[in-house]
Amino acid sequence: MIGLVRDEVGSSVLEAFGGLLDAHHDLARTRKMRTHPTGYDDAFWKRLADAGWLGARVPERDGGSGLSATATAVIHDMAGTRLLPDPYLAGGYLPAAVLAGCPAGAERDAALGALLAGERRFAVAWQERPGRVEAADELETVLHRGRVTGRKRFVSGAAGAGALLATVSNDEGVAHIVLIDAAAHGVEGETTRQVDGSMVSDLRFTDAPIVADLGPASVLEPALDEARVAAAAQLLGIAREALRVTIDYAGTRRQFGRPIGAFQALQHRMADFATRIRLGEVACDDALRAIDAAEPDRRRTARLAAAAKASAADAAVQVTQGAIQIHGAIGYTDEADVGLFLLAALRLSPWLGTPEILRERFLELGGVAGDA
Amino acid sequence: MRDDLASLPIEHFRAELRSWLEAHCPPAIRRPVDRLQGEEAEHWHRVRHAHGVIAPGWPREYGGLELTVDQQIAMAEEFEGHGVARTFEVGTAMLGPTLIRFGSPWQRQHYLPRILSGEDQWCQGYSEPGAGSDLAGLRTAAVRDGDDYVVNGQKIWTSNANHSTHCFLLVRTSTEGRKQEGISFLLVDLRTPGVHVRPIRNLAGHLELCEVFYDDVRVPAANLVGAEGQGWTIAKSLLGFERLAIGSPAPARLGLSTYRKVADALGLADDPRVRAERARLELRLHELTCLSRAAVDAMAADRSIETDLSVLKIVASELFQATTEATIALAAEHGAAGKLATSAGELDLAQLYLISRPATIFGGSSEVQRNILAKRWLGLPDG
């Protein structure tokens, strides 16, 4: 199957990031992290930071590597195939993208530097209602005289994070991004463990003081769209590896005098899984090209990002469910690895928009014809 | 059409085609669902030939436009955008490139100009009553007798044989060895004594598909393309850009636009269920369009597209069906009637729906395509 390496930079990323994973990660670590209190493996996070992976997409002038979205998609793909338990996307890539998009300033620069160095961890708290994808519409969380009051839901990467980037509505009713210390007075969080062991938080702010107002929240939309495409790449990685282990299994498991992979019903099903993944890949490619275009078109990027994630999530859920089926009874055990892929897909699929919501968004932004 | 069409930048290229179509495409054949046959098809062929807007993929030395893959796609899109009815381009799109690659000098010199001018109308004789998905099992025999081959057998599903002058056949010249090794590629004049064409009425009411019976039909040996036993290889090497046609998003696009027209006509455009269904189908069409473009890019860069072709065939045909199924379901009682009157004219819903049914059967059924993917792409074992 094909994967997301598209150029030489992507190949280098594959080799380098893959090397780090080969040395310091395996599925045993994924399993162990399922009961971790915050979801952040400090030692591993430090390794990611030291090797520059937290700043992969951040412009060089801000201390990052300035890689293209196409090249960094390879990282997310591997986060999927290897079931990386760390909140690289929600706690690394996304907050880095948000901070990099905010205007330069003392607080913003210090925050971004600390994030890239792995010294401080950030979570982006923008969502207030389930199923909503617009970052700055109808915000109920308000900023008044330097203090925030409101509620943010489904925040990934907040448990174990030292700081929050929250969207708020200021006195003029304009949406802004503010930096809040997670340990500040007036910040309360309720953490829930998700199906794959990762943590998600429900945050309440009651007159919580901000550290800084980082400017208009309009910087969030492009960052969320990029995160959608990154999530798509990760979902495709999950799907592809689930299919690969299934094809392997079908080749070795024998019943009725032959490998079960010889039975046509299963062959056709696996062909359909591979097809679904391929369709997700080309949709992801299309979105990556839009992000990396010399003159990016915001609306087009948003439309293609929605399509890419919807397509990839469909693939991931369908394929991982089917992978368990083909494994038979052992597929339904905790001991077999295949089930881990389903749980990962289930958790990532609704993040930043379920397939249904994103399909509607795709349509609203012009659908397949591209114009309204 | 200007001589330098092929050298124009793509946007200019498209614009030239668009204005040519406006000026020269007969308004009566702007019927996107239909396939032209007989006099209408022949007239349209003559118009295109006269203006040099034909055989886009042929080398210039044989009278073609020698367009790049990108240009051929663009041309097909402009014709589709103009709503031009489709034609059976068997001669120009299939046999022409085959003769250019495998034909003898005489065959090229004799047949190519006649394909181009439309003087010869070709059809493809492959399937038999006993050889459909298992085409290699074909039994129509060609026995060498002096300077001729004597052909006996029967072909079925030969599209447009009732309006064709010639047919290229896959025939069995040997029963030794593997069944594929005994197959040869033969060019037959349908007016030869012993040929009998019987049209078959399809569910959409058209007479397109035919049975063709061959009783002691004498075919000059000079009409054998390539060597005896090379027929399977020749037939399998469907060449160039035409391979992509089988995965074209155009039919699904048409199905989806018809769905929207029905929704509008019934006042359901803002119904949440209609929005959700549209969103689902549009996303799938987007995926198909992305895949089609990826295959074009790969073909243009000379990379292999074998796997993507089977994926394209499955996805394009099944999505076409999904759109027509959704449309006829949305039309409710009008679906049973098969037609719906709208402010923009009458929509023939039954026609479009029925035309989509064989899409998953011909050109390698969905089941056969999945077998190919499973074995060649995923490496799954034999039984």
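As given, the protein sequences belong to chains A and B, one line each in that order.
Just so it is clear: in the first sequence, position 13 is 13 by this note's numbering, and no numbers are missing.
Take any residue in the second sequence, note its place counting from 1, add 1000, and you have its number in this note's numbering.
We put the CB at the ideal spot given by N, CA and C, even for glycine.
Everything numeric in this text was worked out from a predicted model, so none of it was measured.
> Where does residue 282 of chain A sit, in a helix, a strand or coil, going by DSSP?
Replying inline: helix
> Using a beta-carbon distance cut-off of less than 7 Å, what residues from the region 1281-1304 of chain B approach chain A?
Replying inline: 1282, 1283, 1285, 1286, 1287, 1289, 1290, 1291, 1294
> What residues in its chain sit with their C-beta under 6 Å from that of residue 64 of chain A, if we drop five residues either side in the sequence?
Replying inline: 55, 58
> Helix, strand or coil for residue 55 of chain A per DSSP?
Replying inline: helix
> What three-state label does DSSP hand residue 199 of chain A in the structure shown?
Replying inline: strand
>> So, for residue 1364 of chain B: in the same chain, excluding its five sequence neighbours on each side, which residues have a beta-carbon less than 7 Å away from its beta-carbon?
In response: 1313
> So, using beta-carbon positions, are residue 405 of chain A and residue 133 of chain A closer together than 8 Å?
Replying inline: Examination of residue 405 of chain A is not possible in this model, given that chain A is present from 1 through 372 alone.
> Does any C-beta atom of chain A lie closer than 8 Å to the C-beta of residue 1058 of chain B?
Replying inline: no
> Interface residues of chain B around residue 247 of chain A at Cβ under 9 Å?
Replying inline: 1378, 1379, 1380
>> I'd like to know whether the C-beta atoms of residue 1331 of chain B and residue 1262 of chain B end up nearer to each other than 8 Å.
In response: yes
> Just to confirm, are residue 1156 of chain B and residue 1172 of chain B a CB contact at a threshold of 8 Å?
Replying inline: no
>> Counting C-beta neighbours from all protein chains within 10 Å, is the total for residue 281 of chain A 16 or more, i.e. buried, or is it exposed?
In response: buried
> residue 158 of chain A: beta carbon under 7 Å from a heavy atom of the ligand SAH?
Replying inline: The model depicted lacks the ligand SAH and carries no ligand whatsoever.
>> So if I threshold CB-CB distances at 8 Å, which residues from the region 287-320 of chain A count as touching chain B?
In response: 307, 310, 311
>> Helix, strand or coil, according to DSSP, for residue 1290 of chain B in the structure here?
In response: helix
> Under the rule that 16 or more other beta-carbon atoms within 10 Å means buried, what is residue 1058 of chain B, buried or exposed?
Replying inline: buried
> Does the beta carbon of residue 1314 of chain B sit closer than 8 Å to a beta carbon anywhere in chain A?
Replying inline: yes
>> So, under 8 Å CB-CB, residue 1035 of chain B and residue 1098 of chain B are touching, yes? Tell me the CB distance rounded to an integer number of Å.
In response: The Cβ separation is near 22 Å, so there is no contact.
>> Give me, in chain order, the residues of the same chain whose beta-carbon lies closer than 7 Å to that of residue 1318 of chain B; leave out the 5 immediate sequence neighbours on both sides.
In response: 1360, 1366
> Between the C-alpha atoms of residue 372 of chain A and residue 363 of chain A, what's the straight-line distance to the nearest angstrom?
Replying inline: Confidence in residue 372 of chain A is poor, its pLDDT being 43 and thus under 50, which makes the residue's placement unreliable; the coordinate value appears in the next sentence. So the alpha carbons of these two residues sit roughly 9 Å apart.
> Got a sec: is the Cβ-Cβ distance from residue 1263 of chain B to anything in chain A below 8 Å?
Replying inline: no
> Out of B:1044, B:1328, B:1096, which has the shortest C-alpha to C-alpha gap to residue 1108 of chain B?
Replying inline: B:1096
> How many Å lie between residue 1115 of chain B and residue 1223 of chain B at the Cα?
Replying inline: 15 Å
>> Please tell me whether residue 233 of chain A has its Cβ less than 8 Å away from any Cβ of chain B.
In response: no
>> I'd like to know if residue 1383 of chain B contacts chain A, where contact means its C-beta is closer than 8 Å to some C-beta of that chain.
In response: yes
> What runs of the beta strand (DSSP E), each 3 residues or longer, lie entirely inside the region 1082-1133 of chain B?
Replying inline: 1122-1125
> Once you ignore the five residues that flank residue 1328 of chain B on each side, which residues in its own chain have a CB closer than 6 Å to its CB?
Replying inline: 1335, 1349, 1353
>> Between residue 174 of chain A and residue 98 of chain A, how many whole angstroms is the CB-CB distance? I'm expecting something under 8 Å.
In response: Not quite, the Cβ-Cβ distance comes to about 17 Å (not below 8 Å), so this is no contact.
> For residue 1134 of chain B, does the count of other Cβ atoms within 10 angstroms reach 16, so buried, or fall short, so exposed?
Replying inline: exposed
>> Short of 7 Å in beta carbon distance, which residues of its chain neighbour residue 320 of chain A, apart from the five on each side in sequence? Order them along the chain.
In response: 238, 239, 242, 341, 342, 345
>> Among A:215, A:356, A:165, whose alpha-carbon lies nearest the alpha-carbon of residue 205 of chain A?
In response: A:165
> Would a check of beta-carbon distances place residue 1203 of chain B closer than 8 Å to chain A?
Replying inline: no
> Since residue 1178 of chain B sits in a beta bridge, which residues does DSSP pair it with?
Replying inline: For residue 1178 of chain B, which the question treats as bridged, DSSP gives no partner whatsoever.
> What residue from A:11, A:196, A:68, A:144 has the CA that sits closest to residue 27 of chain A's CA?
Replying inline: A:196
>> By the three-class DSSP mapping on this structure, what secondary structure does residue 1296 of chain B have?
In response: helix
>> Does chain B have any CB closer than 8 Å to the CB of residue 268 of chain A?
In response: yes
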